[in-house]
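J.: In UniProt numbering, the protein residues as written are 1 to 159. The structure is given below, and queries will be raised subsequently.
Put into structure tokens, the structure is as follows:
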């Protein structure tokens, strides 16, 4: 760890890679780790990012010792939001995801009608029985699946 980091974050601690690491993480160690993450990324980490960031304990350790990341953020009085799974932060993320999904579906629909007759491509088809729906359904009487291997090649592209 370089000296500039050590001066700025005196309690910054690097996670050990040893399996039987019994070292204790204090609130000061974690606060400095979170502040360092904030300095680098301009926001506080989510749970998957905590596990990847070497200057913080694992999310599992935070869960056991402090009641989870949301509880820890509250204990440390970090800037809002304390919970990325609800509220305004989640609404903003959901809006971005919805916009990206609509753009992706539109681009994929345009791709399909370039390679297939438009009359054969249907969006948001509900299949009966069971009310299962699919984003795109393609009518094609010329292509017949003959083997289980051919059936396995059909992939659900929905992410």
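C-beta: ideal position from N, C-alpha, C; glycine also. On a predicted model such as this, the values are computed, not experimentally measured, just so you know.
1) So what does DSSP say about residue 55, is it helix, strand or coil?
2) Span of the alpha helix (DSSP H) holding residue 38?
3) Check each candidate in 121, 130, 26, 3 and name the one with the smallest Cα separation from residue 139.
4) Once DSSP output is grouped into helix, strand and coil, what is the label at residue 108?
5) Can you tell me whether residue 141 is helix, strand or coil according to DSSP?
6) Going by DSSP, what residues sit across from residue 125 in a beta bridge?
7) Counting along the chain, where does the alpha helix (DSSP H) carrying residue 70 start and finish?
8) Would residue 9 pass as a contact of residue 44 if the rule is Cβ separation under 7 Å?
9) Considering only their Cβ atoms, is the gap separating residue 51 from residue 61 smaller than 7 Å?
T.: For this structure:
1) coil
2) 27 to 41
3) 121
4) For residue 108, the three-state secondary structure derived from DSSP is helix.
5) coil
6) 134
7) 69 to 75 is the extent of the alpha helix (DSSP H) around residue 70.
8) no
9) Contact: no.
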